[in-house]
Amino acid sequence: MASSPPQLLQAEGLHAALSSEFIDLQVFSDLLGCDDSVERDFTREVVDGFIRQSNLNILNMRGFYSQLASRTGPATPQDLARLYELAHFFRSSSSCVGAYHVSATCQSLQSLASLQSPVDVQQLAGTFAEQLTLLAGQVRQASEHLAAVYGLPPSVLDAVPSADAAESAYM
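Printed below as a string of structure tokens:
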């Protein structure tokens, strides 16, 4: 019973430090509820994993974008399936930490990938580039915010693209 007040205070402090501009506080509260340690080791690991995995997700999406941008003609069913797969995976991980802007952008990419009519690969690449630029900026904001709240080392953000870098990569 003696450990309850510090745990409660720490949970309330983390919740208060989070900005609803970047993070769905209800989702994050549910995540905090799964972690009863004073140090919040579990949620810290989840947040650290999200930040690190986000960079890999962005790199995978950039690689796929490069493939699309170098081609002409209609997008293949395999193109659409790959886009859907990349977006779905990223959407799932961002939903786990309450990064709702990231999740919503991934949902838009999944919808784009679900188109049934033939899509020109250049048109698909252009739309994908716009969404990817938006996504990279959202990931950066959510990652910076979560890293600050959890006191993660600044180096964890080294690989996360800035919004400016993301925009210049596609425009």
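In UniProt numbering, the protein residues as written are 1 to 171.
Beta carbons: idealized from backbone N, C-alpha and C, even for Gly.
Since we're looking at a predicted model, the values are computed, not measured.
Is DSSP giving aspartate 158 helix, strand or coil here?
coil
Endpoints, alpha helix (DSSP H) assigned at proline 77
77 to 97
Could you give the distance in angstroms between the alpha-carbon of glutamine 123 and the alpha-carbon of valine 149?
39 Å
Roughly how many angstroms separate the alpha carbons of glutamine 138 and serine 117, rounded to a whole number?
29 Å
At the level of alpha carbons, what is the spacing between glutamine 78 and histidine 101?
27 Å
Below 7 Å CB to CB, which residues in the same chain sit around glutamine 131 once its five sequence neighbours on both sides are set aside?
Thr105, Ser108 and Leu109
Checking 8 Å against the spacing of the C-beta atoms, do proline 161 and isoleucine 58 come in under that value?
yes
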